[in-house]
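Student: Chains F and E supply the protein sequences, listed in that same order. Mapping to our numbering: the first sequence position 172 is 240, numbers consecutive. Mapping to our numbering: the second sequence position 129 is 130, numbers consecutive. Got a structure for you, written out below as structure tokens; questions coming shortly.
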Amino acid sequence: MVDNGIAIKSLFEGIEYRVARSREELEKAYRLVYQEYRKQGYLDENTSKLQASVYNALPQTTTFVALVDDVVTATATIIPDSPLELPMDDLYHAELNELRGEGKKLCEVSMLASSSELFGEGVSLMLNAKKMFLIFFLFKYIFDYVRIELGVDYICIAVNPKHANTYDSLFFKNLGGGMKYYSKVNGAPAIAKCLNVQTVDEQCISRGRQSLYKMFLTGPADRDKFSRKVELKPEDLKYFFVEKIKVFRDATPQQLSYLKSCYPSYDFSRIIS
Amino acid sequence: MTSNLKKIKEIIASDKRSCERLELPLKIRYLRAMSPADQWSDYVWLDNIGGEGLGFTDDFELSMGDKIDIELKIPSERKSFYMGGEIVWIRRNFLRRGEIHLGKYSYGLKIYRLEEEDKKKFEQFISDSIIEKYLDDQGKFRKREGKSYGR
């Protein structure tokens with residue numbers, strides 16, 4: 069029998085974690101989110117078979133991918149706070165504003181998905197080594213990115229309560245506001261969690277979680293993983309947010325105004341037409 | 002399908018169980034069927050443990066389908082975990098000359114009852130133990146599996 073340690077090492081040698089670097093990789097990430105969210109009943113069918121929002125159009129938004137050759141097997145998107153706020157402000161605006169009022173810099177991790185073709189349904193993330201490492205390594209690069217590149221104070225996330233244990237074990241705390249029902253995901257239940265990025269290392273040590281320290285905090289961050297992030301050109305914005313998904317059509321004037329300010333050299337009359 | 006993806010799917014598909022099994026120096030004791038309410042077994046070492054079940058060896062004969070109450074002690078927790086388990090696998094052990102007596106029967110047990118608060122801590126313990134098993138102190142995969150704690 070093959071040593072499971074050799075098998076798992078071999079498995080992860082075939083997976084590349086980094087920021088999405090092309091329109092094609094973004095599209096594969098958006099498609100994976102759509103497919104997996106459809107399976108969970110979070111989305112209605114759409115003709116584009118993609119899931120994205122106005123936040124994906126912002127230049128500061130970053131999508132991470134776990135690539136096996138050219139297949140996206142897992143993905144998550146980081147949305148820094150901005151005048152458009154965060155997607156979860158729809159439900160937890162008051163609670164997020166408390167952190168903002170303290171001068172804290174926030175981001176949201178959104179659109180987290182992994183391919184159920186690999187592991188099937190009902191495989192618990194915390195109890196299956198391969199699934200756990202698939203997601204935890206994605207989290208590790210995200211954590212390095214938000215700490216080093218973004219310098220945020222809090223990572224915020226709206227999670228289905230069935231996943232709450234996983235985030236609690238990673239030192240996420242309840243943001244407050246209780247459980248709510250999120251219309252963006254067909255009314256699925258959600259609770260808001262937040263992670264104080266500045267105190268994670270202390271918590272690992274004080275709570276005897278050396279394993280988490282080893283998983284997320286050892287070794288230098290590989291900043292090459294964050295390099296050459298795809299920059300959306302006018303044709304990319306048109307492709308995703310006008311032709312594929314009607315995001316710009318449905319955007320508010322405030323959202324469009326801010327978007328235009330993010331891309332001062334782009335002719336939005338041509339993008340949106 | 003690309004070759005790396007095929008290889009990854011094969012590695013994942015080769016897993017017999019959906020949950021990792023760990024060899025850890027843990028002990029349980031259990032309430033035997035048909036025994037007085039306060040008659041616990043002696044403590045026995047586990048053969049292995051995972052999120053859904055555990056294996057142990059003992060001289061006492063249990064039957065397939067038996068449901069037993071188990072006390073599991075975990076070093077990082079002050080309080081023991083109490084869970085309900087069902088025997089789903091039995092192997093009779095026959096000793097050869099010179100072999101150490103490990104117990105007449107080896108059992109596989111499926112956990113069917115665990116309090117919600119204990120479940121959180123138990124899953125966290127398993128998850129942490131998985132990280133310990135596979136990653137070295139630099140957070141890289143070990144060249145060989147982590148030390149296997151036997152008896």
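Cβ atoms here follow ideal geometry from the backbone N, Cα and C, with glycine treated the same way.
What does DSSP give as the partner residue(s) for residue 69/E in the beta ladder?
Tutor: Along the second sequence, one-based indexing puts residue 69/E at 68. Answer is 86/E, bridged to residue 69/E.
Student: List in chain order: all unbroken beta strand (DSSP E) runs of 3+ residues lying wholly within the stretch 105 to 164 of chain F.
Tutor: 130 to 136, 139 to 148, all fully within the stretch 105 to 164 of chain F.
Student: Report the residues of the stretch 132 to 146 of chain E with a CB closer than 9 Å to any CB of chain F, ordered along the chain.
Tutor: Correct list: 132, 133, 134, 135, 136, 137, 138, 139, 140, 141, 142, 143, 144, 145, 146.
Student: Pick out the complete alpha helix (DSSP H) segments inside the stretch 185 to 240 of chain F, 4 residues or longer, and give them in chain order.
Tutor: 197 to 213, 232 to 237, all fully within the stretch 185 to 240 of chain F.
Student: Please list, in chain order, all residues of the same chain as residue 106/E whose beta carbon is under 8 Å from its beta carbon, the five residues on each side excluded.
Tutor: The residue given as residue 106/E occupies position 105 in the second sequence. Around residue 106/E: 58, 59, 60, 61, 62, 63, 91, 92, 93, 94.
Student: Between 245/F, 234/F, 161/F, 181/F, which has its C-alpha nearest residue 107/F's C-alpha?
Tutor: Here residue 107/F corresponds to residue number 39 of the first sequence, with the count starting at 1. Comparing Cα positions, the closest option is 181/F.
Student: Can you list, in chain order, the residues of its chain with a C-beta nearer than 8 Å to that of residue 346/F? Leave out the 5 residues immediately preceding and following it.
Tutor: Residue coverage of chain F in this structure runs from 69 to 341, which leaves residue 346/F outside it and unanswerable.
Student: List the residues of chain F that residue 5/E touches, going by C-beta distances under 7 Å, in chain order.
Tutor: The residue labelled residue 5/E in the question sits at position 4 within the second sequence. Those are 82, 136, 137, listed as they occur along chain F.
Student: Answer yes or no: does any C-beta atom of chain E fall closer than 8 Å to that of residue 76/F?
Tutor: As a first step, residue 76/F must be located in the first sequence, where it is residue number 8. At least one chain E Cβ lies under 8 Å of residue 76/F.
Student: Does residue 268/F get closer than 8 Å to chain E when you measure Cβ to Cβ?
Tutor: In the first sequence, residue 268/F corresponds to position 200, counting from 1. Chain E contact via Cβ: absent.
Student: In whole angstroms, give me the CA-to-CA distance for residue 333/F and residue 126/F.
Tutor: As a first step, residue 333/F is located in the first sequence; it is residue number 265 there, counting from the start. As a first step, residue 126/F is located in the first sequence; it is residue number 58 there, counting from the start. Residue 333/F and residue 126/F: Cα-Cα distance of roughly 14 Å.
Student: Are any of the Cβ atoms in chain E nearer than 8 Å to that of residue 196/F?
Tutor: For the purposes of this step, residue 196/F is identified with residue 128 of the first sequence, where counting begins at 1. True, the Cβ-Cβ gap to chain E drops below 8 Å.
Student: Unbroken beta strand (DSSP E) runs of length 3 or more, entirely within the stretch 251 to 328 of chain F: which are they?
Tutor: 256 to 264, all fully within the stretch 251 to 328 of chain F.
Student: Which value, in whole angstroms, describes the spacing of the CA atoms of residue 27/E and residue 284/F?
Tutor: In the second sequence, counting from the first residue as 1, residue 27/E sits at position 26. In the first sequence, counting from the first residue as 1, residue 284/F sits at position 216. Cα to Cα, the separation comes out at about 27 Å.
Student: Give, in chain order, every unbroken run of the beta strand (DSSP E) that is at least 3 residues long and sits entirely within the stretch 8 to 41 of chain E.
Tutor: Fully enclosed beta strand (DSSP E) runs of 3 or longer: 28 to 32.
Student: Take residue 22/E and list the residues in its own chain whose beta-carbon comes closer than 6 Å to its own, dropping the five residues that flank it on each side.
Tutor: In the second sequence, the residue the question calls residue 22/E occupies position 21. 49, 51, listed in sequence order.
Student: Where does residue 100/F sit, in a helix, a strand or coil, going by DSSP?
Tutor: As a position in the first sequence, residue 100/F is number 32, starting the count at 1. Reduced to three states, the DSSP call for residue 100/F is helix.
Student: For residue 338/F and residue 8/E, I'd like the C-alpha separation in whole angstroms.
Tutor: By one-based count along the first sequence, residue 338/F stands at place 270. By one-based count along the second sequence, residue 8/E stands at place 7. Rounded to whole angstroms, residue 338/F to residue 8/E spans 45 Å at the Cα level.
Student: Give me the Cα-Cα distance between residue 300/F and residue 265/F, rounded to the nearest whole angstrom.
Tutor: If you number the first sequence from 1, residue 300/F lands on position 232. If you number the first sequence from 1, residue 265/F lands on position 197. Rounded to whole angstroms, residue 300/F to residue 265/F spans 28 Å at the Cα level.
Student: Pull up the distance between the alpha-carbon of residue 104/E and that of residue 47/E, whole angstroms please.
Tutor: Working through the second sequence from its first residue, we reach residue 104/E at position 103. Working through the second sequence from its first residue, we reach residue 47/E at position 46. If you take the alpha carbons of residue 104/E and residue 47/E, they lie about 12 Å apart.
Student: Give a yes or no on whether the minimum CB-CB distance between residue 129/E and chain F is below 8 Å.
Tutor: Locating residue 129/E in the second sequence gives position 128, where the first residue counts as 1. Output row for residue 129/E: interface = yes.
Student: Go to residue 135/E, then tell me how far its alpha helix (DSSP H) extends in each direction, as first and last residue.
Tutor: Along the second sequence, read from residue 1 onward, the residue named residue 135/E stands at position 134. That run of the alpha helix (DSSP H) goes 117 to 135.
Student: Would you check if there are 3 or more beta carbon pairs closer than 8 Å linking the stretch 167 to 187 of chain F to the stretch 218 to 238 of chain F?
Tutor: Judged by Cβ distances under 8 Å, the stretch 167 to 187 of chain F makes contact with the stretch 218 to 238 of chain F, as three or more pairs qualify.
Student: Please report whether the beta-carbon of residue 51/E lies at a distance below 8 Å from any beta-carbon of chain F.
Tutor: The residue given as residue 51/E occupies position 50 in the second sequence. Cβ-Cβ to chain F under 8 Å: yes for residue 51/E.
Student: Which word fits residue 200/F, buried or exposed, when buried means at least 16 other C-beta atoms lie within 10 angstroms of its C-beta?
Tutor: As a working note, residue 200/F is residue 132 in the first sequence. By the 10 Å Cβ count, residue 200/F comes out buried.
Student: So residue 258/F and residue 250/F are in contact, right, with Cβ under 8 Å, and what is the actual spacing, rounded?
Tutor: As a working mapping, residue 258/F is identified with position 190 in the first sequence. As a working mapping, residue 250/F is identified with position 182 in the first sequence. Yes, they are in contact, since the Cβ atoms of residue 258/F and residue 250/F sit about 4 Å apart, within 8 Å.
Student: Near residue 117/F, which residues of its chain fall below 8 Å by C-beta distance, leaving aside the five closest residues on each side in sequence?
Tutor: On the first sequence, position 49 is the one that residue 117/F refers to. So the list reads 99, 102, 103, once near-sequence residues are dropped.
Student: To the nearest angstrom, how far is the alpha carbon of residue 113/F from that of residue 125/E?
Tutor: Position 45 of the first sequence, counting from 1, holds the residue named residue 113/F. Position 124 of the second sequence, counting from 1, holds the residue named residue 125/E. C-alpha separation (whole angstroms): 36 Å.
Student: Tell me whether the beta-carbon of residue 275/F lies closer than 8 Å to the beta-carbon of residue 129/E.
Tutor: Start at 1 with the first residue of the first sequence, and residue 275/F comes out as number 207. Start at 1 with the first residue of the second sequence, and residue 129/E comes out as number 128. No, the pair does not count as a contact, with Cβ atoms beyond the cut-off.
Student: Is residue 78/F near residue 298/F, with beta carbons less than 8 Å apart?
Tutor: Translated into the one-based positions of the first sequence, residue 78/F becomes position 10. Translated into the one-based positions of the first sequence, residue 298/F becomes position 230. No, the pair does not count as a contact, with Cβ atoms beyond the cut-off.
Student: Determine, using beta carbons only, whether residue 274/F comes closer than 8 Å to chain E.
Tutor: Taking the first sequence and counting its residues from 1, one reaches residue 274/F at position 206. No, residue 274/F does not count as interfacial toward chain E.
Student: Taking Cβ positions, are residue 122/E and residue 78/E nearer each other than 8 Å?
Tutor: Position 121 of the second sequence holds residue 122/E. Position 77 of the second sequence holds residue 78/E. Yes; because the gap between Cβ atoms is below 8 Å, this pair is in contact.
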